[in-house]
Amino acid sequence: MAEQSSTIPVNVITGFLGSGKTTLLQRLLAAPQLSDTAVLVNEFGEVGLDHHLLRRLDDEIVLLQSGCLCCTIRGDLSAAILDLYAKREHGEILPFRRLVIETTGLADPVPILATVMAEPVLRHHFRLGNVITTVDAVNGVSHLERQPESTKQAAVADRLVITKTDIVDENSVGELRRRLKRLNPAAAQLEISLRTAVDPDLLLTRDLYDVQGKAEEVRRWLAIETAKAGADAAHHHVDVNRHDERIHSFCLRFAQPLNWTAFGIWLTMVLHSHGADILRVKGMLNVGTGSGPVVVHGVQHLVHPPDHLPQWPDDDRSSRIVFIVRDLSHDLIERSLAAFTHLGAPALVEA
Amino acid sequence: MCALCGVLGGEGHWADASGVAVPAACLTRGAQRQERVRLANAVLRQFGLVLADWQGAKYQLANRTGRTELVDNLAQVWQAAERILGRACDPLDPALIARIEQSERAG
Numbered sequence: 001m002a003e004q005s006s007t008i009p010v011n012v013i014t015g016f017l018g019s020g021k022t023t024l025l026q027r028l029l030a031a032p033q034l035s036d037t038a039v040l041v042n043e044f045g046e047v048g049l050d051h052h053l054l055r056r057l058d059d060e061i062v063l064l065q066s067g068c069l070c071c072t073i074r075g076d077l078s079a080a081i082l083d084l085y086a087k088r089e090h091g092e093i094l095p096f097r098r099l100v101i102e103t104t105g106l107a108d109p110v111p112i113l114a115t116v117m118a119e120p121v122l123r124h125h126f127r128l129g130n131v132i133t134t135v136d137a138v139n140g141v142s143h144l145e146r147q148p149e150s151t152k153q154a155a156v157a158d159r160l161v162i163t164k165t166d167i168v169d170e171n172s173v174g175e176l177r178r179r180l181k182r183l184n185p186a187a188a189q190l191e192i193s194l195r196t197a198v199d200p201d202l203l204l205t206r207d208l209y210d211v212q213g214k215a216e217e218v219r220r221w222l223a224i225e226t227a228k229a230g231a232d233a234a235h236h237h238v239d240v241n242r243h244d245e246r247i248h249s250f251c252l253r254f255a256q257p258l259n260w261t262a263f264g265i266w267l268t269m270v271l272h273s274h275g276a277d278i279l280r281v282k283g284m285l286n287v288g289t290g291s292g293p294v295v296v297h298g299v300q301h302l303v304h305p306p307d308h309l310p311q312w313p314d315d316d317r318s319s320r321i322v323f324i325v326r327d328l329s330h331d332l333i334e335r336s337l338a339a340f341t342h343l344g345a346p347a348l349v350e351a
Numbered sequence: 352m353c354a355l356c357g358v359l360g361g362e363g364h365w366a367d368a369s370g371v372a373v374p375a376a377c378l379t380r381g382a383q384r385q386e387r388v389r390l391a392n393a394v395l396r397q398f399g400l401v402l403a404d405w406q407g408a409k410y411q412l413a414n415r416t417g418r419t420e421l422v423d424n425l426a427q428v429w430q431a432a433e434r435i436l437g438r439a440c441d442p443l444d445p446a447l448i449a450r451i452e453q454s455e456r457a458g
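Protein sequence lines, in the order shown, are assigned to chains A and B. If you read the first sequence in my numbering, its first letter stands for residue 1, the second for the next number, and so on. If you read the second sequence in my numbering, its first letter stands for residue 352, the second for the next number, and so on.
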């Protein structure tokens, strides 16, 4: 497998209809450090207008020829990305160092992530970067409550961008911020309006596989337990008819080192049985090597190649695993993992 | 490719921990596979199934009547197990968790 650091990052910008994806993309592409970015967009509906807007900013836009990017054309998406790569290798286009895919507003982003992470040829040249989800401050709460697409887009995000904050009051923004924090505590939240600047580095370039961004990402995950405790304390009633109520997050902590092989057996089995309802899993594991933690990072059935960090981000040597799940029991997941981690003791010994 | 049986080496699965310096990496590849088989069997025996290493290239999963499937990696083990059993293998099933906990207590 190709080294993750040598592959081309693919960022996915998603968000519900009218949430400001294209405006955000326009502003990002205006940044000098993203001048070597190729972009894939859809051509349907409002995206046709998006295309005209985008073309004025960047001539390297490639339009997918068939339908919706989100569900039926994984093959087309794969072919489009590989075509870009071939043109890059043959010198027919500038040697882009980043690819951004903008989804439709009704898209489930996971098939796009799956294409990048699992397609056998693509994954040798590309890797998934941050998933950026726009949520507009005017309609965001309503969308999260009523639109399952919106909830899922927010749940799988690495960056949540709250847009249009200049046209609603602070209380409304605060409520949306709390909803998103409860739904996806591991994602960094940003707020943008016409008057605020966009930080392209935080959104796109700092990620788990970026040398500079790696430690920052892990520290963000570590902040989850505190944030989660506060969000839970302020929120007791659960309305199962609301889409965002069915999704919840929690962090498991294990003081003793975990057996990596047993963990792999457990996670493959859980993802096989419940992968559709495990929207994100992010773990920092102490596997007993005495050095830094192993980072595990997955979206539904897909797991990134595990990465071994050279050192721990703080003095705590516990394994910590964050789950964002839909309709799954925190207690059962914890009990199941605890049982599996003791499988077949004693632990491994060196050969 | 194995010259004797023509088996192609598959893509590394994330759970194989290739390139990750975890304790398993201290073992030889064969020992890692044996360890994986040993631990997986601690779960599979709850379903009456047995996993074995097959030529160092695949895994062989069988039930007590001898129905057998070959798979490439851990993720495929659970698919094959469900095909053989004709029912789900749910790691979050409270009854399964209780059986595993009980077998661990029994040593």
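We treat Cβ as the ideally placed atom computed from N, Cα and C, and that holds for glycine.
Where the beta strand (DSSP E) through residue i begins and ends
i      : result
A/D36  : Premise fails: A/D36 is in no beta strand (DSSP E) and is neither H nor E.
B/W405 : 400-405
A/H297 : 294-299
A/R320 : 319-326
A/G283 : 278-285
A/Q189 : 188-191
Close Cβ partners of residue i (< 7 Å) along its chain, the five nearest in sequence each way excluded
i      : result
B/G399 : N414, R415
A/V287 : P257, L258, W260, V294
A/G129 : P9, V10, N11, L204, D207
A/V110 : V156, V299, Q300
Helix, strand or coil at residue i [DSSP, three-state]
i      : result
A/V121 : coil
A/V12  : strand
A/H308 : strand
A/F340 : helix
B/N414 : strand
B/N392 : helix
A/F263 : helix
A/D76  : helix
A/Q256 : coil
B/D367 : helix
A/S249 : strand
A/I333 : helix
A/L99  : strand
A/L128 : strand
B/E420 : strand
A/E92  : coil
A/D207 : coil
A/Q147 : coil
A/V41  : strand
A/T22  : helix
Nearest-angstrom Cα separation, counted from residue j out to residue i
i      : j      : result
A/S35  : A/R127 : 19 Å
A/L99  : A/Q311 : 30 Å
A/D315 : A/A338 : 23 Å
A/R253 : A/P306 : 18 Å
B/V388 : B/D404 : 7 Å
B/L447 : A/K152 : 30 Å
A/H304 : A/E170 : 37 Å
A/T289 : A/R280 : 26 Å
Sequence-distant residues of the same chain with beta carbon closer than 6 Å to residue i, five excluded per side
i      : result
A/L17  : G105
A/D158 : N130, V131, A187
B/L402 : V388, A391, N392, L395, Y410, L412
A/G275 : Q300, H301
B/N424 : H364
Range of the contiguous alpha helix (DSSP H) that encloses residue i
i      : result
A/I162 : Careful: A/I162 lies outside any alpha helix (DSSP H), inside the beta strand (DSSP E) at 159-163.
A/V173 : 170-183
Cβ neighbours of residue i in the same chain (closer than 8 Å, five flanking residues each side left out)
i      : result
B/T419 : Q411, L412, A413
Interfacial residues, the segment 268-288 of chain A to chain B, with Cβ spacing under 7 Å: T268, M269, V270, H272, S273, H274, V287, G288
Positions along the segment 316-335 of chain A whose CB lies within less than 8 Å of some CB in chain B: L328, S329, L332, I333, R335
Contact list for the segment 409-432 of chain B against chain A, Cβ threshold 7 Å: L425, A426, W429, Q430
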